[in-house]
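Residue numbers (the working numbering): 3 to 587. Glycine included, each C-beta is placed from N, C-alpha and C at the ideal position. Reviewing the structure listed below.
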RNA sequence: GUGCCCGUAGCUCAGCUGGAUAGAGCAGGUGCCUUCUAAGCAUCAGGUCGGGGGUUCGAAUCCCUCCGGGCACGCCA
C-alpha cells in the first residue's frame, strides 16, 4: 500500500540479487537503504541512498555503484527516468499510470486509505488524561486528551492493537483533602457560614455542587460526626461526581477510554506488594540512605535509611524510595504496580501522555517498567508542553489554586470540539502552544482548521455542482472508480495524486515516531495543493474540474476530487475532527 | 547544582529519525474576481539553523562544550 515501500522492496530484491551474483559482497546489511521522495521534486519522484550506504562495504565509489544500480532499476515496471545525482543518489520517476492507480485505491478504501500493517497487531496501551479527580478538566488536560486520543487512532490506523486507558488517582492525600473540602461545602449547603476556604483545602466552587448533593441526599446526618464517619462518604461522592463530569467533558470531545483504572483498586488488589516482590526477587531493592536533593535542600530533610529501588541500574539518576517513613507505599510504588498491571494485561508497549511538569518522572518510570517486566516491555512517555490561552492577543489567566482557570468545558462552549482538537495538534507536543480563542475561529488562511476544512468543503462543492451540471451523474466512490484516470495527465493533477500516494507513508512514519501532529501538517500540504489547483482553473479553463461539453473528463476529475476529499477525511478522522462539507449556511 | 524540553526568516512554526540548493503561514512588495466559494491563488523579498569544536561520503538533525529561555527536583500526588 505504501508505494515507497513497494519500490524499496523492489530495490532490495535487486541488491540481494547483486550480492548473489557477486556484484556486491555476500550477506550485506540493507537496513539502511531507504526509498524516499527527494526533497526537491525536480530530482525525481523517488530517490534511494543505496549506493552511498553500500559503497564502503562494496569497495566501490558511490557514483559507480549508483550507475550499476540505475541500470537494474530501469527495468522495473512503471519506472521511466533513472539518474544518478549528487554524491550517489539514484533518482527515478514513475510514469503517470503508476501514480494514477492511487485514485482507484483511495476510492475503494475510502477513509481507510493509508491503513497499514506495520503495527502487526502489537498491543499498545496508551494512558492519557489521567487528571486527578479533584476538579474539572482544564486546557492543559485538553491537550493531553487530544494528543493521546489522536495517537491512539494513529496507531490503530498503523495496525496496532490499542487500548485507551485512564488512571484515576483516587488514593492518597489529594483525595483526602478533596473529601475534607467537600465536607466544608456540605456544611455550607446546610446554611453554615464557612467563610474563607482555609489553605490546604480545594477552594474551587465546583465542589459546592457536591456538598449540596450530599446535603440533599443525607440531610444533616453527618453534622457533628467524627471525620472517620463522614470522610469516606464525602470522598466517594466527590470522586463519583468529579469523574462523571470528566467523562462527560471527554465524551463531548469525542474521547472514550476503554479502561478506567483506579489507583485504589490497584492497591486493594495487592498489586503493589506483588510488584515489589518482582523487584525484590531480582535484587533491585535495598535499604540505603539518599543524599538531599542538590540546590534545594528541604527544611525538614533528615538522612535516614529508606527502602530503595535500584533505578540507576536502568538509567535513572538516583535510586528511588518506595516506602515512606510510616511504612506506607510512595506514589511511585503504586505507579510501578499500576504499570506492572498494564504489562500483565498484555501490553508490551506502554505510552504515557503526561504534562510537562512530569519531566522528572520519565526516567524513573522507564526504569521501573523495564525492571518489572523483565525487559519485555517499555514505556514511552510523551510530555505535552504548556498551552497558553489568549483572547485576541490578551492572555487569559488560569490558576487552579485560585479556582479561576480555563476549563475544557469553557473551551467546548466557546469554539467546539473540532477546533480544539485541530489546534492542539498543530504543534509537536514538546513545543509550547498558543491557543487564541479569537484566532482559532477566524475564517482565514492563517487558521489551519479553516484552511483544511475549506479544502474539504470545496471538494464537496464541486461534487454538488456536478450534480447540477449533469443531473444523471453518479458521484459516489463506486461509480467514480470506473472513471478513466488516464485523462488526469497534467502536471498539476499528478502533483495532487503523488501527494495522496504519500499519505500511507506519512501515516507509518507518524506512527513510528508517535507524533500525531505530523498528520496535521500533511493535511495542510494537501489542502494547499488542492487550493492551488482549484485556482489554476480560474486562469486556465481547461484545468477546471467540470466541463459541460466533456462529461468524460469531468467524471475523471470528479474521481480526483473525491479522492482528495477522502484523503483529507482520512486524516481528519485520525485527528478526531469532523470533516465539513459546507462552511457557510 | 542536576536532569528533561526548546533555540531555524521580523513573528508563529515545520523539517520525513544523517541526505542534494533548509521549507510553510503571518507581517511587507507586486499581481489575479463577467467563470466550480477571492474565506482563495500566484509571485518577489527575507537565513551565520544560538556560538564553537567533533564524528563521516554528507549534520538543522548524532556526540562534546558554552550561551540564552522554559519545566522539574523532596517520604507530595
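Whole-angstrom C-beta distance between residue j and residue i, which should lie under 8 Å
| i | j | result |
| --- | --- | --- |
| residue 365 | residue 319 | 7 Å |
| residue 110 | residue 4 | Actually they do not touch by this definition, with Cβ atoms about 16 Å apart. |
| residue 512 | residue 156 | 6 Å |
| residue 129 | residue 355 | 7 Å |
| residue 432 | residue 385 | 6 Å |
| residue 1 | residue 387 | As shown, the chain starts at 3 and ends at 587. That puts residue 1 outside it, with no answer to give. |
| residue 16 | residue 75 | 7 Å |
| residue 141 | residue 408 | 5 Å |
| residue 68 | residue 46 | 13 Å between Cβ atoms; not a contact. |
| residue 226 | residue 137 | 28 Å between Cβ atoms; not a contact. |
Minimum C-alpha distance to residue i - residue among the options
| i | options | result |
| --- | --- | --- |
| residue 523 | 535, 501, 541 | 501 |
| residue 191 | 259, 111, 210 | 210 |
| residue 335 | 316, 272, 346 | 272 |
| residue 487 | 42, 99, 85, 31 | 99 |
| residue 490 | 326, 179, 357, 565 | 565 |
| residue 562 | 482, 579, 214 | 482 |
| residue 120 | 349, 509, 484 | 509 |
| residue 315 | 306, 342, 286 | 286 |
| residue 583 | 577, 539, 396, 459 | 459 |
| residue 349 | 138, 167, 19 | 167 |
| residue 344 | 418, 263, 390 | 263 |
| residue 347 | 150, 124, 214, 516 | 124 |
Opening and closing residue of the alpha helix (DSSP H) in which residue i lies
| i | result |
| --- | --- |
| residue 181 | 175 to 191 |
| residue 522 | 519 to 541 |
| residue 9 | 5 to 22 |
| residue 251 | 229 to 254 |
| residue 372 | 364 to 374 |
| residue 415 | 410 to 417 |
| residue 501 | 493 to 503 |
| residue 283 | 273 to 283 |
| residue 482 | 479 to 482 |
| residue 320 | Residue 320 -> no alpha helix (DSSP H), and no H or E assigned at all. |
| residue 201 | Segment: none, residue 201 is in no alpha helix (DSSP H) and carries neither H nor E. |
| residue 66 | 64 to 75 |
| residue 213 | 209 to 220 |
Rounded straight-line distance, which links the Cα of residue j to that of residue i
| i | j | result |
| --- | --- | --- |
| residue 77 | residue 465 | 40 Å |
| residue 393 | residue 414 | 15 Å |
| residue 160 | residue 51 | 25 Å |
| residue 404 | residue 507 | For residue 404, the pLDDT reaches just 40, beneath the cut-off of 50, and the residue's location in the model is therefore unreliable, although a value from the coordinates is still provided. Distance between the alpha carbons of residue 404 and residue 507 is about 47 Å. |
| residue 87 | residue 94 | 10 Å |
| residue 381 | residue 269 | 21 Å |
| residue 96 | residue 504 | 14 Å |
| residue 468 | residue 452 | 24 Å |
| residue 593 | residue 57 | Past the boundaries of the shown model lies residue 593; the chain is included only from 3 to 587, so the question cannot be answered. |
| residue 186 | residue 265 | 25 Å |
| residue 275 | residue 375 | 15 Å |
| residue 323 | residue 430 | 33 Å |
| residue 377 | residue 131 | 26 Å |
| residue 440 | residue 251 | 22 Å |
| residue 44 | residue 126 | 40 Å |
| residue 437 | residue 7 | 37 Å |
| residue 62 | residue 54 | 10 Å |
| residue 221 | residue 570 | 56 Å |
| residue 113 | residue 471 | 27 Å |
Residue interval of the beta strand (DSSP E) (run including residue i)
| i | result |
| --- | --- |
| residue 167 | 163 to 170 |
| residue 196 | No beta strand (DSSP E) holds residue 196; DSSP gives it neither H nor E. |
| residue 81 | 81 to 87 |
| residue 290 | 287 to 291 |
| residue 309 | 307 to 311 |
| residue 355 | 351 to 357 |
| residue 159 | Residue 159 -> not in any beta strand (DSSP E); alpha helix (DSSP H) instead, spanning 141 to 159. |
| residue 129 | 125 to 129 |
| residue 94 | 91 to 96 |
Beta-bridge pairing of residue i - partner residues as DSSP gives them
| i | result |
| --- | --- |
| residue 438 | 392 |
| residue 331 | 325 |
| residue 38 | 49 |
| residue 580 | DSSP lists no partner for residue 580. |
| residue 264 | 170 |
| residue 384 | 355 |
| residue 138 | For residue 138, which the question treats as bridged, DSSP gives no partner whatsoever. |
| residue 295 | None; residue 295 has no bridge partner. |
| residue 2 | No answer is possible for residue 2: it lies beyond the span of the chain, which begins at 3 and ends at 587. |
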